[in-house]
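Here the structure comes first, spelled out in structure tokens, and everything after it is commentary.
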Amino acid sequence: MFRSFTKDSGLIRTFDLKKPSIRIIYIILLIISLFIVFIALAPIIWTILSGFKSLSEFVNEPKLLPSSYNIGKFIETWKTLEFTRFYINSFIVVIGSIFFAVIGNGLLGYALSKIRPRGSKFIYFLILWSLMIPATTSIVPLFLNIVKLKLQGSFLPLWMSAGANAFFVILYKNFFDSIPQSVIEAARIDGCNEWSIFFKIVFPLSYSINTVVTIFTINASWSDFLLPYLLLNNTGKETVMVRLFLFRNSVATDVDIIRAVTFSIIPPIILFAFFQKYMREGISNIGVKG
Amino acid sequence: MFRKYRKDISGWLIMLPGIILFSFYIWEPLLASIVMSFYSAKGIRLERFVGLQNYIAVLNHPDFKSAFSNTFSYTFWSLIIGFLVPIILAIILNEIIHFKGFFRISIYLPNVIPGLAVTIMWLFIYRAGRTGLLNIILGNFGFPPQAWLTKSHLVIPLIVLFMTWRSAGATTLIYLAGLQGIDQELYEAATIDGANIWARLKYITLPQIYNLARTLLILQIIFVFQVLYEPLVLTNGGPNNASISLMLLVYKYAFEKFDYPKAVSVSVIIALVLIILTGLYNKLVKENEM
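As given, the protein sequences belong to chains A and B, one line each in that order.
No gaps in the numbering here: position 91 of the first sequence is 91 in my numbering, and each next residue is one more.
No gaps in the numbering here: position 185 of the second sequence is 185 in my numbering, and each next residue is one more.
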């Protein structure tokens, strides 16, 4: 296990691993890590597997695992709760949000990084502050504004809310700062206006940052429920999360609810499985730059 | 004359969509909260200026006292349970060479699951009676089943426990990025000088992540201060207000009692606390950069 193996990072070094006591410490740390992984994954796995229990099994029998695994139970719940509809609604919310997140925040980041008109420092300052002042504290007046504009029951306010994300603006600004100004200047000399520079030159160069923003937007708008609940409840446009929230006051059985939880966590898990590298990089950026 | 300002004008035009979105979603609602908190209202229509009456009414209501002290209790428990965990996890995982990617992916997975789904999962884990997961596990060791969420002294730590379960992985990744940023030559030099592993941990690792930990401490306080839907979904603030938070109080004023001015008064109080914390945070970030 330790023979052909150099360790040149962290506290324990290749040199230390020659000592048996340190090797034991390393193995203990490895076991602790496996235990941590178990803690992280067990509740998720239990939730998914519990969906295979029948109602009486789930409510009456104190057992960890179901007695049989029949996927038909999930399909039945999916049909009775009409999850296809909620999935479609959630997908509509997600797609529109991606558009606004990328274009709205991207344009703002571009102007703050590459055009810097007089007075833009003040906007940047406001955005830095918005990063810290949580949106939830002003949910009431925001909700009232949307009601006054009669946009209740529409997806539009949810889509547009993705376009006001201070964190994304800063992410974009930092990214655009790394594009050489000379590229922009050359395009300006060639007679491009700022809009076409953004869409034809900067945007194609921003593949990686657009991917990060897109993934985080998908996850955030899929998971969001407070504003969707306030705006879409009882309109037939409820998203998966809104439906999940309503279970508190509905007649659905416990096993139906736990299966619905599984339905609601599968898309984010699939997304994560494909893009985990981008997500982990994004999260490190939040901490270091935020 | 026009040429001189052309860059400014096109810059502001490009920023315009973003500025409109930020104004609509963040800046205007924040100002509207402040204005509204000084008025009485009928439904969503403001009626007349009442000075500080809303604040006085809110502050004198017994719910506020519970919510205020509970919010501090959430913060306190999140620091006890949640602050050190990611640091310890990061230090351990940083040492592990085997299955490195697997560990990082697994600990981050709870973070991609929507917060509402996590809360409902834990509702089943903490469920009273023999069939909640926690009671099943404890039952194997001979403990009688407990009605966990009805114990007023336990309810906040139990909520914080699963908030930590959900977010510790992401914070761990931030610390891991910080640990990897440490100049490896420091360890080499210390090893040559004969410093053992504990000494390296104490004199190199911990001082090097001290600034990061201080920043994340403030971020965590800001984050936990807004706790809303965990108590909303899990306990609806109960038992007997034992888990009501300030944001949940806002929610109840606004969307259960439709008393919008009182709701925004509480959110202004929250925003004030958060602005103070944010100022502190920005000061620390600036110090870090220097």
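The beta carbon of each residue, even a glycine, is placed where N, CA and C say it ideally should be.
Problem - Within-8 angstroms CB hit, proline 20 of chain A to chain B - result: no
Exercise for the section: Taking isoleucine 113 of chain A as the reference, give the member of A/Lys173, A/Asn145, A/Lys73 with the closest Cα. Expected result: Checking the sequence shown, residue 113 of chain A turns out to be serine, not isoleucine. Restricting attention to A/Lys173, A/Asn145, A/Lys73, the CA atom closest to the CA of serine 113 of chain A is found in A/Lys173.
Practice task
Could you round the C-beta distance between asparagine 156 of chain B and tyrosine 74 of chain B to whole angstroms and report it? I think they count as a contact, below 8 angstroms.
Solution key: The question names asparagine, but residue 156 of chain B is isoleucine in the sequence shown. Rounded, the Cβ-Cβ distance is 6 angstroms, consistent with contact.
Handout entry: Cutoff 8 angstroms: leucine 11 of chain A Cβ touching any chain B Cβ
Key = Closer than 8 angstroms to some Cβ of chain B, the Cβ of leucine 11 of chain A qualifies, so yes.
Handout entry: Straight-line gap, serine 10 of chain B to threonine 217 of chain A (C-alpha atoms, nearest Å)
Key = In this structure, the CA atom of serine 10 of chain B is about 28 angstroms from the CA atom of threonine 217 of chain A.
Problem - Proximity of proline 239 of chain B and serine 37 of chain B at Cβ, strictly below 8 angstroms - result: No, Cβ-Cβ distance for proline 239 of chain B and serine 37 of chain B is not below 8 angstroms.
Practice task
Using the Cα positions of phenylalanine 203 of chain A and asparagine 210 of chain A, report the straight-line distance between them to the nearest angstrom.
Solution key: 8 angstroms
Problem - Pick from A/Leu81, A/Thr14, A/Ile270, A/Ile27 that is closest to valine 251 of chain A, judged by C-alpha positions - result: A/Leu81
Problem - Nearest-angstrom beta carbon gap, leucine 158 of chain A and valine 242 of chain A [assumed within contact, 8 angstroms] - result: With a Cβ gap of about 11 angstroms, valine 242 of chain A and leucine 158 of chain A do not count as contacting.
Handout entry: arginine 45 of chain B - partner residues in DSSP beta bridges
Key = B/Lys42
Exercise for the section: Could you tell me whether the Cβ of glycine 287 of chain A comes closer than 8 angstroms to any Cβ of chain B? Expected result: Note on glycine 287 of chain A: pLDDT 46, under 50, position unreliable in the model; no value is reported.
Handout entry: Assigned secondary structure, glycine 287 of chain A (DSSP; H/G/I helix, E/B strand, else coil)
Key = Because glycine 287 of chain A carries a pLDDT of 46, less than 50, the predicted location of this residue cannot be relied on, and no value is offered for it.
Practice task
Tell me whether isoleucine 270 of chain A is buried or exposed, calling it buried when 16 or more other Cβ atoms sit within 10 Å of its Cβ.
Solution key: exposed
Handout entry: For histidine 98 of chain B and isoleucine 91 of chain B, the rounded distance between their alpha carbons
Key = 15 angstroms
Handout entry: Test: phenylalanine 122 of chain A CB closer than 8 angstroms to a CB of chain B
Key = No, phenylalanine 122 of chain A does not count as interfacial toward chain B.
Problem - Test: phenylalanine 68 of chain B CB closer than 8 angstroms to a CB of chain A - result: no
Problem - Selection of the stretch 23–44 of chain B by Cβ proximity to chain A, strictly under 9 angstroms - result: So the list reads Ser23, Phe24, Tyr25, Ile26, Trp27, Glu28, Pro29, Leu30, Leu31, Ala32, Ser33, Val35, Met36, Ile44, given in the order they occur along the chain.
Handout entry: Alpha carbon of proline 282 of chain B to alpha carbon of lysine 63 of chain A, nearest angstrom
Key = First, the residue type needs correcting, since residue 282 of chain B is asparagine and not proline in the sequence shown. Distance between the alpha carbons of asparagine 282 of chain B and lysine 63 of chain A is about 50 angstroms.
Problem - Cβ-Cβ separation, alanine 40 of chain A to glycine 169 of chain B (assumed contact under 8 angstroms), whole Å - result: 6 angstroms
Exercise for the section: Please determine if the stretch 257–266 of chain A and the stretch 70–77 of chain A are in contact, where contact requires at least 3 C-beta pairs separated by less than 8 angstroms. Expected result: yes
Practice task
Could you tell me whether the Cβ of isoleucine 88 of chain A comes closer than 8 angstroms to any Cβ of chain B?
Solution key: no
Problem - Residues, ordered as in the chain, of the stretch 107–118 of chain A that lie near chain B by beta-carbon distance below 8 angstroms - result: Leu107, Leu108, Tyr110, Ala111, Leu112, Ile115, Arg116, Pro117, Arg118
Practice task
Look at the alpha carbon of glycine 287 of chain A and the alpha carbon of valine 213 of chain A, and state the distance between them as a whole number of angstroms.
Solution key: Any answer about glycine 287 of chain A is weak, because its pLDDT of 46 lies below 50 and its placement is not dependable; what the coordinates show is given next. Distance between the alpha carbons of glycine 287 of chain A and valine 213 of chain A: 16 angstroms.
Practice task
Using a Cβ-Cβ cut-off of 8 angstroms, state whether tryptophan 148 of chain B counts as contacting chain A.
Solution key: no
Handout entry: Partner residues on chain B for threonine 364 of chain A, Cβ-Cβ distance less than 8 angstroms
Key = What the structure shows of chain A is the stretch from 1 to 290, and residue 364 of chain A is not part of that stretch, so it cannot be assessed.
Handout entry: Sequence-distant residues of the same chain with beta carbon closer than 7 angstroms to alanine 41 of chain B, five excluded per side
Key = Glu47, Tyr260, Pro261
Handout entry: Backbone CA spacing between histidine 153 of chain B and phenylalanine 76 of chain B [nearest angstrom]
Key = Within the model, the alpha-carbon separation for histidine 153 of chain B versus phenylalanine 76 of chain B is close to 14 angstroms.
Practice task
Inspect the beta-carbon positions of leucine 246 of chain B and glycine 237 of chain B and report whether they are closer than 8 angstroms.
Solution key: With contacts defined by Cβ atoms closer than 8 angstroms, leucine 246 of chain B and glycine 237 of chain B do not form a contacting pair.
Handout entry: Inter-stretch contact (C-beta, 8 angstroms, three-pair minimum) for the stretch 157–171 of chain A and the stretch 91–105 of chain A
Key = The way I'd put it, the stretch 157–171 of chain A does touch the stretch 91–105 of chain A; three or more beta-carbon pairs between them come closer than 8 angstroms.
Exercise for the section: Indicate whether at least one CB of chain A lies closer than 8 angstroms to the CB of arginine 130 of chain B. Expected result: yes
Problem - the stretch 211–222 of chain B in contact with the stretch 135–152 of chain B per 3-pair CB rule at 8 angstroms - result: no
Handout entry: Simplified DSSP state of threonine 80 of chain A, which is helix, strand or coil
Key = helix
Practice task
Please go through the stretch 16–88 of chain B and give each complete beta strand (DSSP E) segment of 3 or more residues, from N-terminal end onward.
Solution key: 39–42, 45–49
Exercise for the section: Indicate the three-state DSSP secondary structure (helix, strand or coil) for serine 152 of chain B in the structure shown. Expected result: coil
Practice task
Confirm, please, whether the CB-CB distance from tryptophan 12 of chain B to proline 117 of chain A is below 8 angstroms.
Solution key: Yes, these two residues count as a Cβ contact at 8 angstroms.
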